[in-house]
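So the protein sequences, as listed, match chains Z and S. Take 10 as the starting number for the first sequence in my numbering and just add one per residue. Take 10 as the starting number for the second sequence in my numbering and just add one per residue. Where a beta carbon is used, it is the ideal one built from N, C-alpha and C, also for glycine. For reference, the structure is listed below as structure tokens.
Protein chains: 2
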Amino acid sequence: MRDPVRRAMEICPIEVGVAVAGGDWKMTTVSKLAPGPLRFGELQREVGPVSAKTLTRQLRALETDGVVIRTVYAEVPPRVTYELTEAGMALADIADQLGSWGKKYVGDPADSELRSG
Amino acid sequence: MRDPVRRAMEICPIEVGVAVAGGDWKMTTVSKLAPGPLRFGELQREVGPVSAKTLTRQLRALETDGVVIRTVYAEVPPRVTYELTEAGMALADIADQLGSWGKKYVGDPADSELRSG
DNA sequence: CTGCATCCATTAGGATACTG
DNA sequence: CAGTATCCTAATGGATGCAG
Numbered sequence: 010m011r012d013p014v015r016r017a018m019e020i021c022p023i024e025v026g027v028a029v030a031g032g033d034w035k036m037t038t039v040s041k042l043a044p045g046p047l048r049f050g051e052l053q054r055e056v057g058p059v060s061a062k063t064l065t066r067q068l069r070a071l072e073t074d075g076v077v078i079r080t081v082y083a084e085v086p087p088r089v090t091y092e093l094t095e096a097g098m099a100l101a102d103i104a105d106q107l108g109s110w111g112k113k114y115v116g117d118p119a120d121s122e123l124r125s126g
Numbered sequence: 010m011r012d013p014v015r016r017a018m019e020i021c022p023i024e025v026g027v028a029v030a031g032g033d034w035k036m037t038t039v040s041k042l043a044p045g046p047l048r049f050g051e052l053q054r055e056v057g058p059v060s061a062k063t064l065t066r067q068l069r070a071l072e073t074d075g076v077v078i079r080t081v082y083a084e085v086p087p088r089v090t091y092e093l094t095e096a097g098m099a100l101a102d103i104a105d106q107l108g109s110w111g112k113k114y115v116g117d118p119a120d121s122e123l124r125s126g
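Listed below in structure tokens is the structure:
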């Protein structure tokens, strides 16, 4: 388990979630993996303008935290797939709800009123 | 609207949510405000070991993004309260779900199995 | 009480070039 | 194809001290 997560455990469950799923691209990554396993390259294209380095690091963190499973196939050319654990699927639900919230936040015509009170 | 949010709008709704609600303490802050308005000091005690500076900045960002409303009372000693907008209340629901996820993530005895697949 | 100013250490994340 | 190595900048968040 990563240190930020361990520290968050001392504080509150919400911060645990933030420690695991916070940071750019993680929530989107988990959401994109919800329908099924994807290869690294596919995932990178789906997620958006994320650098390979950053996506790799986020995936490694998610793997360490038990959210995704990384599978390496001994083939040429190399193939690596990522899929969600059960915890990851539960997180994907929340990611999608955050997406719904974001969609409404951006697009709702009543937004100005919504945001001012 | 803050730049990170504007940038996220070009990408995907989930990243909009992350841009608005990501970062330490923001989700917890929103959750603590769900029952009703709180003063700055009350909020700081409720949220946890967050510095005044950081909490202030997060609250300003949340205010700019239309998630909380900041009210200053012309009194001595000064009194400032924070309360959620409608968008903030919707976000609080998601924060609580993330908290439930984190609680299960931390406490579920089947965690090791859950996290390994 | 609220919260700004300043300084500081750590981290996040992108760009580029390179490897098995 | 799926990364890793290196360098870089900007942002994050805490500590302390001061102010209205």
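Minimum Cβ-Cβ distance from residue i to chain Z less than 8 Å
i       : result
S40(S)  : yes
Y114(S) : yes
A99(S)  : yes
G45(S)  : no
G50(S)  : no
D33(S)  : yes
Within chain S, partners of residue i - CB distance below 7 Å
i      : result
T37(Z) : C21, I23 and E24
Same chain, Cβ closer than 8 Å to residue i, neighbours up to 5 away in sequence not counted
i      : result
A30(Z) : M36, V39, V76, L100, I103 and A104
T94(S) : G75, V76, V77 and I78
Q53(Z) : V59, A61 and L64
Beta carbon proximity, residue i to chain S, threshold 8 Å
i       : result
V2(Z)   : As shown, chain Z starts at 10 and ends at 126. That puts residue 2(Z) outside it, with no answer to give.
Q106(Z) : yes
V29(Z)  : yes
Proximal chain Z residues relative to residue i, where beta-carbon distance stays under 8 Å
i      : result
P58(S) : I20
Beta-carbon separation (whole angstroms), residue i vs residue j, contact threshold 8 Å
i      : j       : result
P46(Z) : Y82(Z)  : About 11 Å; that fails the 8 Å criterion.
E24(Z) : D33(S)  : 7 Å
M18(Z) : V115(S) : 6 Å
Beta-carbon proximity list for residue i, same chain, < 7 Å, skipping 5 on both sides
i      : result
R48(Z) : R88, V89 and T90
V56(S) : W34, T37, T38, K41 and L64
A96(Z) : G75 and V76
A70(Z) : R11
Chain-ordered chain Z contacts of residue i [CB-CB under 9 Å]
i      : result
V81(S) : Chain Z residues near V81(S): none, gap ~15 Å exceeds 9 Å.
Neighbourhood of residue i by C-beta distance below 6 Å, restricted to the same chain and skipping five residues each side
i      : result
P13(Z) : A28
E72(S) : R79
### Message
Contact between the region 79-86 of chain Z and the region 27-42 of chain Z is defined here as three or more beta-carbon pairs at a separation below 8 Å; is this criterion met?
### Response
Cβ pair count under 8 Å is below three, so no.
### Query
Are the region 108-115 of chain S and the region 59-68 of chain S touching by the rule of at least three beta carbon pairs closer than 8 Å?
Verdict: no, contact absent.
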